[in-house]
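Student: Protein chains in written order, with UniProt numbering: chain A, 1 to 249; chain B, 1 to 249. Where is the CB? At the ideal position from N, CA and C, for every residue including glycine. Bear in mind the structure is a predicted one, so any value in this text is a computation, not a measurement.
There are 2 protein chains.
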Amino acid sequence: MGLTSSQAERRQLSAAAGTCADCEIRRIGICGSLEPEELERMRRLVREVHYDAGQSIFSEGEPAENLFNVVSGAVRLIKFLPDGRRQITGFLFPGDFLGIALNATYAYSAEAIVGSKLCRMARRDMEAQMISIPNFEHRLLGEAAHELVAAQDQMLLLGRKTSVERLASFLLSLSQRARRHGLPDNPVALTMSRTDIADFLGLTTETVSRTFTKLRNAKVIALEGNDTVRLVDMAALSGLLAGDDSADS
Amino acid sequence: MGLTSSQAERRQLSAAAGTCADCEIRRIGICGSLEPEELERMRRLVREVHYDAGQSIFSEGEPAENLFNVVSGAVRLIKFLPDGRRQITGFLFPGDFLGIALNATYAYSAEAIVGSKLCRMARRDMEAQMISIPNFEHRLLGEAAHELVAAQDQMLLLGRKTSVERLASFLLSLSQRARRHGLPDNPVALTMSRTDIADFLGLTTETVSRTFTKLRNAKVIALEGNDTVRLVDMAALSGLLAGDDSADS
DNA sequence: CGCCCTTTTGACTCCACTCAAGCGTCGTGG
DNA sequence: CCACGACGCTTGAGTGGAGTCAAAAGGGCG
Chain A
1 MGLTSSQAER RQLSAAAGTC ADCEIRRIGI CGSLEPEELE RMRRLVREVH
51 YDAGQSIFSE GEPAENLFNV VSGAVRLIKF LPDGRRQITG FLFPGDFLGI
101 ALNATYAYSA EAIVGSKLCR MARRDMEAQM ISIPNFEHRL LGEAAHELVA
151 AQDQMLLLGR KTSVERLASF LLSLSQRARR HGLPDNPVAL TMSRTDIADF
201 LGLTTETVSR TFTKLRNAKV IALEGNDTVR LVDMAALSGL LAGDDSADS
Chain B
1 MGLTSSQAER RQLSAAAGTC ADCEIRRIGI CGSLEPEELE RMRRLVREVH
51 YDAGQSIFSE GEPAENLFNV VSGAVRLIKF LPDGRRQITG FLFPGDFLGI
101 ALNATYAYSA EAIVGSKLCR MARRDMEAQM ISIPNFEHRL LGEAAHELVA
151 AQDQMLLLGR KTSVERLASF LLSLSQRARR HGLPDNPVAL TMSRTDIADF
201 LGLTTETVSR TFTKLRNAKV IALEGNDTVR LVDMAALSGL LAGDDSADS
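#1: Within the continuous alpha helix (DSSP H) that includes residue 261(A), where are the two ends?
#2: Straight-line CA distance for Q12(A) to M42(A)?
#3: Using 8 Å as the cut-off, can you tell me whether the stretch 68 to 79 of chain A makes contact with the stretch 88 to 97 of chain A, which would need three or more C-beta pairs spanning the two stretches below that distance?
#4: Please compile the residues from chain A whose C-beta is within a distance smaller than 9 Å of the C-beta of Q152(B).
#5: May I ask you to list, following chain order, the residues of the stretch 129 to 147 of chain B that have a beta carbon less than 7 Å from some beta carbon of chain A?
#6: Along chain B, which residues have their Cβ under 7 Å away from the Cβ of G159(A)?
#7: Inspect the beta-carbon positions of G61(A) and T105(A) and report whether they are closer than 8 Å.
#8: Roughly how many angstroms lie between the CA atoms of I131(A) and N135(B), to the nearest whole one?
#9: Who are the Cβ neighbours of V46(A) in its own chain at under 7 Å, not counting the five residues just before and after it?
#10: I'd like the span of the alpha helix (DSSP H) that includes N135(B), first residue to last.
#11: Using a Cβ cut-off of 7 Å, pull out every chain B residue sitting near M126(A), in sequence order please.
#12: Are the stretch 201 to 210 of chain B and the stretch 152 to 170 of chain B touching by the rule of at least three beta carbon pairs closer than 8 Å?
#13: Taking the alpha-carbon of R139(B) as reference, which of H50(B), I30(B), L167(B) has the nearest alpha-carbon?
#14: Do Q55(B) and A107(B) count as a contact pair if the criterion is CB distance below 8 Å?
#15: Does the Cβ-Cβ distance between L223(B) and V229(B) come in under 8 Å?
#16: At the 8 Å Cβ level, is M192(B) part of the contact set with chain A, yes or no?
#17: Skipping 5 residues on each side, what residues in its chain have a beta carbon closer than 8 Å to that of P36(A)?
#18: Counting contacts by CB-CB distance shorter than 8 Å, is A235(A) in contact with chain B?
#19: Taking C-alpha atoms, which residue in D199(B), A236(B), T211(B) lies nearest to T89(B)?
#20: Alpha carbon to alpha carbon, how far is F170(B) from S193(A)?
#21: Can you list, in chain order, the residues of its chain with a C-beta nearer than 6 Å to that of R27(B)? Leave out the 5 residues immediately preceding and following it.
#22: Give me the DSSP bridge partner(s) of residue 257(B).
#23: Alpha carbons only, please: which of E24(A), P184(A), L167(A), L201(A) is nearest the one belonging to K214(A)?
#24: Would you list the residues sitting across from Q87(A) in a DSSP beta bridge?
#25: CB I133(A) to CB L240(A), shorter than 8 Å?
#26: Looking only at C-alpha atoms, which of L172(A), E40(A), Q176(A) sits nearest to V220(A)?
#27: According to DSSP, is V232(B) helix, strand or coil?
#28: In chain B, which residues lie less than 9 Å from M42(A) when you measure between Cβ atoms?
#29: Taking contact to mean at least 3 C-beta pairs separated by less than 8 Å, is the stretch 176 to 193 of chain A in contact with the stretch 144 to 155 of chain A?
#30: E48(B) lies in the beta strand (DSSP E); which residues open and close that run?
#31: Mind pulling the alpha helix (DSSP H) runs of 4 or more residues that sit fully within the UniProt domain "HTH crp-type" (161 to 235) of chain A?
#32: DSSP state of residue 250(B), grouped into three classes?
#33: Report the neighbours of M121(A) on chain B: residues whose CB is nearer than 7 Å to its CB, in chain order.
#34: Among Q129(A), G182(A), A178(A), which residue has its Cα nearest to the Cα of E40(A)?
#35: Out of T195(A), R86(A), V70(A), A101(A), which has the shortest C-alpha to C-alpha gap to R123(A)?
#36: Which two residues bound the contiguous beta strand (DSSP E) that contains F58(A)?
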């Protein structure tokens, strides 16, 4: 399809998916590795979709037809047990890629935590692109490797850390992620509820709450409203990781 | 180095790395996706190395210079906390790839559980190959995606399952893995110690032992020596997963 | 046969869970 | 503008499942 895009055509495509070239998250997102020409090709395949707070994006077991890129908002990835027990396996923020697992069906459910915009593309189209844009697959592999490291850290946390160590690790990793994305890293913004944090850390809401209180009383953190945490004593907080091999990733 | 390999040279290379073409694990390993010509190129880069039981293959934090393929034996991947607490993030068996995380340093330690043969290659060489063998990177991505799914299952296990559910899940996944590799899937062979199982499941040795006893008393399993488990009541065992969304992966 | 190491069993403890009530905040409607 | 209700968060009291510490039993190997 060798074509030259007219101004009119440009405008139309923009309506469908904004303009990838000046996408807010392009710098940090996976599209950052693409050449302008490739970006243009990609743009035809994507569509920006909005999800309300709490809305399901897809559910575990469904055919994995779409891939996503988080543009704004926040997303939780969830695995359920039939009796309702929930494990959140990850939180996604702007720039994060959703749907790396290339199986026939989704291996987990995804829900918007707050109102969120996602950039959606059909997996079939994407796979065709990957053949012609090898760099893309390379970047995807890097992304997967990174997630794998995070998953292993999380296994260590879930299998071996105490509640205080879990919360300290969580707060520090949120802070570090914010900094990596060029956002303020000290008063840490909690996008998610106590229940979400609990389900991510393998605890109960009550224990998360008690642990927040414990850290506050120890003057390690200060709660500025329910969803803002000031990290007061970074040294103490780092020490609470059980001196983990952190460096995060 | 444009060279045509003479019979003599062939023999020498074979000594270095066996013959990839009739490698015992080629069918299941990552090399299965390579053309004969590519395989030949790859063969020059690899060396077969042996590790004794308990021997370290590499440690977390070391520069990640090598990649491996498990040829025989068994390997455990470990993350440590400074005070000695251990979390095993995975067990590797023949055909499994070791070193997907493409960071500067290893994100975890790897140790041979029993005497093991591994196929080792320098990461630098490998990365050069990946450019010329795109299929290889594709397969690697598939491998990474598969591991990611397994990691998420493990997070669910560590964060939300009881000790009985954990052991039941573990035994079933061992059985399924054996079957996938064309090995007998019912008397399940435990290559690893109770301590290793405990550190994988986020429990203590004592709890693992007690849980084995509990399952044995319930006539769900039978212990035939310390490292062989017969799955007697598969239905009951499956039920103990808390009806997990299993299918394993 | 005897030693050593792993596994099992036992008794007790404790951290996080459960159940339950109280508090604070935000949004809605009068 | 304030009262009310709903929801999420915190706090409290008591329980329980897995951890800890300790010792016995079993298995493998020299």
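Tutor: In brief:
#1: The question about residue 261(A) has no answer, for chain A in this structure spans 1 to 249.
#2: Note that Q12(A) scores 39 on pLDDT, short of 50, meaning its location in the model is unreliable and no value can be drawn from it.
#3: yes
#4: L77, K79, Q87, T89, G90, A101, A107, Y108, A151
#5: P134, E137, H138, L140, L141, G142, A144, A145, E147
#6: Q87, L158, G202
#7: yes
#8: 10 Å
#9: A17, C119, R120, M121
#10: 134 to 160
#11: Ordered by position in chain B, no residue passes the 7 Å Cβ test against M126(A), which lies about 12 Å from the chain.
#12: yes
#13: I30(B)
#14: no
#15: yes
#16: no
#17: A21
#18: no
#19: D199(B)
#20: 32 Å
#21: none
#22: The requested residue 257(B) is not part of the displayed model; chain B covers only 1 to 249.
#23: L167(A)
#24: K79(A)
#25: no
#26: L172(A)
#27: coil
#28: Result: empty, since nearest Cβ-Cβ is about 18 Å, beyond 9 Å.
#29: no
#30: 46 to 51
#31: 163 to 180, 194 to 201, 205 to 217
#32: No answer is possible for residue 250(B): the residues shown for chain B start at 1 and end at 249.
#33: Correct list: empty, because the minimum Cβ distance to chain B is about 17 Å.
#34: Q129(A)
#35: A101(A)
#36: 56 to 58
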